[in-house]
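See below for the structure under consideration.
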Amino acid sequence: MIVVPILQMSGISKSFDANLVLDAVDFFVEAGEIHALLGENGAGKSTLLNIFAGVVERDAGTIVFDGTDYPHPTIQQMERAGVAFVHQELNVINDLTVSENIFFNHELRKPWGWLRRAEMIRQTRELFERLGVEIDPTTKVSELKTSQKQLLEICRALHADARLMILDEPTTALGNDEIDHLFGIVTSLRDQGTSFIFVSHKMPEIFRLADRYTVLRNGRLISTGSVADATPFAITCDMVGEEYAERQVYEPRELGEVVLELQHLTSDAFRDVNLAVRKGEIVALTGLAGSGASELLQAMFGAIPIHRGEVRVHGKSVNGAIGTLMRAGVGMLPTNRKENSVIPDTTLLENLYLAEHALTAKHPWISEKRELARYERLREALGIRAPGPGASILSLSGGNQQKVFVARWLNTDADILLLDNPTQGVDVGAKEELYSLIMTLAGEGTTIVLNTLEIPEIQKVSDRCVVLYSGEVVVVLDHDEINERDVMLYSTHAIHESEGSPDASEE
4 MIVVPILQMS GISKSFDANL VLDAVDFFVE AGEIHALLGE NGAGKSTLLN IFAGVVERDA
64 GTIVFDGTDY PHPTIQQMER AGVAFVHQEL NVINDLTVSE NIFFNHELRK PWGWLRRAEM
124 IRQTRELFER LGVEIDPTTK VSELKTSQKQ LLEICRALHA DARLMILDEP TTALGNDEID
184 HLFGIVTSLR DQGTSFIFVS HKMPEIFRLA DRYTVLRNGR LISTGSVADA TPFAITCDMV
244 GEEYAERQVY EPRELGEVVL ELQHLTSDAF RDVNLAVRKG EIVALTGLAG SGASELLQAM
304 FGAIPIHRGE VRVHGKSVNG AIGTLMRAGV GMLPTNRKEN SVIPDTTLLE NLYLAEHALT
364 AKHPWISEKR ELARYERLRE ALGIRAPGPG ASILSLSGGN QQKVFVARWL NTDADILLLD
424 NPTQGVDVGA KEELYSLIMT LAGEGTTIVL NTLEIPEIQK VSDRCVVLYS GEVVVVLDHD
484 EINERDVMLY STHAIHESEG SPDASEE
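Position in the sequence shown (first residue = 1) + 3 = this note's numbering.
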């Protein structure tokens, strides 16, 4: 039986100035399959997909979609043909309601031009009921959580009845339950004939969801085939271009005195949390969506209110505003780079010194010479790869952006770093660099508390793992006790607190 691909991209090449980004790449997607497009940041994935979607003009090659040749595809042409692109960076409109976002640019109107709002709300509600999404269509998007905004983007694409959907890192803002829900929707639509291009850096997701895969490296096609015939090790080797192993990053260290304490800390999302963290220690928080782990990290930084209890830094109570915590030497890398870290219309240097100048607002004059010297010192120390201090922050890869934001806090002399999902949306190689950076900083005496859902990440860097379930600390595991099975059992409450869990405080 001959299978005709729904998408055939042959010999695709593209250069930006003298930089060859794609070199005669072939890419094929069959009807009714989930095809994983893989590669490190800079491999050419985004350029290839943007060429297909009509965002970027190719230099050479052919594109045939659903039997039609597209010599010069445009965004409008590909949308009409049934292509929907769900970007990693959220493209929802915060000032509109949920239903208005679903129908954006495709509004239902009465003959005299007024919007048929009631009909749009009704159809949105029916769409959500069919997909099992619990979001009120009349809610303003600015009031939604990041994970709900991500689901809204996906629902908007589904509403367009796309024949092929491009999902670019769709799970970065989702919890485990939401990921399960999304994958159920995608699998069901695949079985009904919808095709998907799935971009992800997470090997477990690829092997759970995808039917076939294609790996790009440095703009060239490296491998393609059935996921069932591959292994995570083999695909990762193709991605990074050298033999890759799950090398040990963790190094035991001499820890100092207690520098961060939580005493009976209680808020809306968690309750009665006690924790003591020592100088140079790396403590990981984890738990399923709704566990309260991310909120606990935010409360440590003063970003959400505390109802009861106390945060102590270097022996002093610091309950209060973010500025109080910053002056005490605490810095935080929030989740969702685009919304909470990136200042898009500024340079790399300006992004770096932002926090330091927030602390020295009484002295508003900025010495370019001093800031450039600090930039060079931190760039070298953290291994930031960038064109220069005047480059746009958006010109950097995800991994290098994260390094800049870590440097932003080191520039304030922060000795306690709170990292919320620090490797979100970065590739395999960049993750390894960030793990090494975290371990190096801890070895130099920086105290680090991080929140992550990735258990291998916890195993690589943490001295202890604090598992939360429904706002309560269930167990604290030492480094040698951390394994995927036990962490998941505690995270899902399959092992109950009554069966024995140590107190989170340092003994």
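Just so you know, even glycine gets a beta-carbon here, dropped at the ideal spot from N, CA and C.
- Using a Cβ distance threshold of 8 angstroms, residue 223 and residue 242 do not count as a contacting pair.
- Taking C-beta separations shorter than 6 angstroms and ignoring five residues to either side along the sequence, the partners of residue 406 in its chain run 385 and 387, following chain order.
- Counting along the chain, residue 372 sits inside the alpha helix (DSSP H) bounded by residues 371-385.
- Closest by C-alpha distance to residue 254, out of 278, 442, 89 and 53, is 442.
- Using a Cβ-Cβ distance cut-off of 8 angstroms, the stretch 109-120 and the stretch 83-97 are not in contact, since fewer than three pairs of beta carbons, one from each stretch, lie closer than that value.
- With a contact defined as Cβ atoms closer than 8 angstroms, residue 50 and residue 25 qualify at about 6 angstroms.
- A straight-line Cα-Cα distance of about 14 angstroms links residue 41 and residue 234.
- Selection 327, 206, 383 and 211 evaluated against residue 239 yields 206 as nearest (Cα-Cα).
- Within the same chain, no Cβ atom closer than 6 angstroms to the Cβ of residue 349 is found once the five residues on either side in sequence are excluded.
- Note: residue 320 is bridge-paired with 315 in the DSSP secondary-structure output.
- Annotation for residue 493: 470, 477 and 478 place their beta carbon closer than 6 angstroms to its own, counting only its chain and skipping 5 residues before and after.
- Bounds of the beta strand (DSSP E) holding residue 17 are 8-19.
- Ranked by how close their Cα comes to the Cα of residue 99, the residues 81, 192, 155 and 287 have 155 in first place.
- In this structure, DSSP gives residue 231 a helical state, which the three-state scheme calls helix.
- Every unbroken stretch of the beta strand (DSSP E) spanning 3 or more residues and falling wholly within the stretch 168-208 is given here in chain order: 198-202.
- DSSP, read as helix, strand or coil, puts residue 152 in helix.
- Listed as beta-bridge partners of residue 112 by DSSP are 118.
- When rounded, the separation of the alpha-carbon atoms in residue 56 and residue 30 is 14 angstroms.
- Residue 71 counts as exposed, since fewer than 16 other C-beta atoms from the protein chains shown sit within 10 angstroms of its C-beta.
- With respect to the 8 angstroms criterion, residue 436 and residue 402 are classified as neighbours on the basis of their beta carbons.
- A straight-line Cα-Cα distance of about 11 angstroms links residue 270 and residue 301.
- Note that the C-beta distance between residue 27 and residue 85 is not below 8 angstroms.
- For residue 458, the enclosing alpha helix (DSSP H) has its first and last residue at 458-464.
- As computed with DSSP, residue 141 is found in no beta bridge at all.
- Within the same chain, Cβ atoms closer than 7 angstroms to the Cβ of residue 128 are found at 140, the five residues on either side in sequence being excluded.
- Taken through DSSP and simplified to helix, strand or coil, residue 402 comes out as helix.
- A distance of 8 angstroms or more separates the beta carbons of residue 331 and residue 454.
- Residues of the same chain with a CB within less than 6 angstroms of the CB of residue 317, apart from the 5 flanking positions on each side, are 262 in chain order.
- Under the 10 Å beta carbon count, residue 117 is surrounded by fewer than 16 other beta carbons and is classified as exposed.
- For residue 48, the CB contacts under 8 angstroms within the same chain, skipping 5 residues up- and downstream, are 40, 41, 42, 202 and 219 in chain order.
- Boundaries of the beta strand (DSSP E) harbouring residue 266: 261-269, taken from the DSSP string.
- In summary, residue 96 is exposed, with fewer than 16 beta-carbon neighbours lying within 10 Å of its beta-carbon over all protein chains present.
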